[in-house]
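Asks:
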Amino acid sequence: SQKIEQNSEALNIQEGKTATLTCNYTNYSPAYLQWYRQDPGRGPVFLLLIRENEKEKRKERLKVTFDTTLKQSLFHITASQPADSATYLCALETGGFKTIFGAGTRLFVKA
Amino acid sequence: DAGVIQSPRHEVTEMGQEVTLRCKPISGHNSLFWYRQTMMRGLELLIYFNNNVPIDDSGMPEDRFSAKMPNASFSTLKIQPSEPRDSAVYFCASSLVGGVDEKLFFGSGTQLSVL
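For the record, the sequence lines run as chains A and X.
For the first sequence, the working numbering begins at 1 and goes up steadily by one.
For the second sequence, the working numbering begins at 1001 and goes up steadily by one.
Next comes the structure, spelled out in structure tokens:
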């Protein structure tokens, strides 16, 4: 069956360290993949989009990689801060601009 | 830009009642998505529209759910009759597909509680 998997466990890291979140998928060939941030009581907010022909993309302290052979994306937050604590969602385009989401990974950054 | 606007913010109703959720997408966007979020199932795509036309409604749980987009600036999601298992946060999102990128802009959501 078609599936998107993200780290089901919450990720706890110390301030200043790099957080790495994983998104794996099966049975899709997405034209692009996106990462979103969601805070409690709010809607998801777009962070980064990476296309199938791109290996890596950066934005400030954020970096996303996309390996279409492994069917995996890694999302990195460098020099993490307590304000980075949130749920991070991976989203795939599955054809015709239809976008589906993974369950998300909760990140806690301790001061 | 006011962003995607959803109403109401919270809705509490009794089983069997009709519920209507409303969404105003960002002006100029050509696609609109309805999602439902629960702890158990995460963020599920219910239906999406492109240029006001429903493209894929395969995520709509059952006939009790219906969605319309009468024009480019308004959409509704209706549940009739509502059931307790419909309790969730319902998000509307809009996007400009075919533009520079296809990122989704989400509203603040409607927290629906069916008693």
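We put the beta carbon where it would ideally sit given N, CA and C, even for glycine.
In terms of residue numbering, what span does the beta strand (DSSP E) encompassing X/Met1069 cover?
Replies: Taken as a continuous stretch (DSSP letters only), the beta strand (DSSP E) holding X/Met1069 covers Phe1065 to Asn1071.
Asks: How many angstroms separate the CA atom of X/Thr1013 from the CA atom of A/Glu9?
Replies: Their Cα atoms are separated by approximately 34 Å.
Asks: Whose CA, out of X/Ser1082, X/Arg1041 and X/Ala1072, lies closest to the CA of X/Arg1064?
Replies: The shortest Cα separation from X/Arg1064 among X/Ser1082, X/Arg1041 and X/Ala1072 belongs to X/Ser1082.
Asks: Per the contact definition of three or more C-beta pairs closer than 8 Å, is the stretch 52 to 60 of chain A in contact with the stretch 1003 to 1011 of chain X?
Replies: No, the stretch 1003 to 1011 of chain X is not in contact with the stretch 52 to 60 of chain A.
Asks: Using DSSP's beta-bridge definition, name the partner residues of A/Ser73.
Replies: In the DSSP output, where bridge partners are listed per residue, A/Ser73 has A/Cys23 and A/Phe66.
Asks: Step through the CB atoms of chain B and report whether any lies within less than 7 Å of the CB of X/Phe1091.
Replies: Absent from the structure is chain B; the protein chains it does hold are A and X.
Asks: Buried or exposed: where does X/Arg1036 fall if 16 or more other Cβ atoms within 10 Å of its Cβ makes it buried?
Replies: So X/Arg1036 counts as buried.
Asks: Alpha carbons only, please: which of X/Glu1044, X/Gln1017, X/Gly1098 and X/Leu1112 is nearest the one belonging to X/Asn1050?
Replies: Looking at the Cα atoms, X/Gly1098 is the closest of the given residues.
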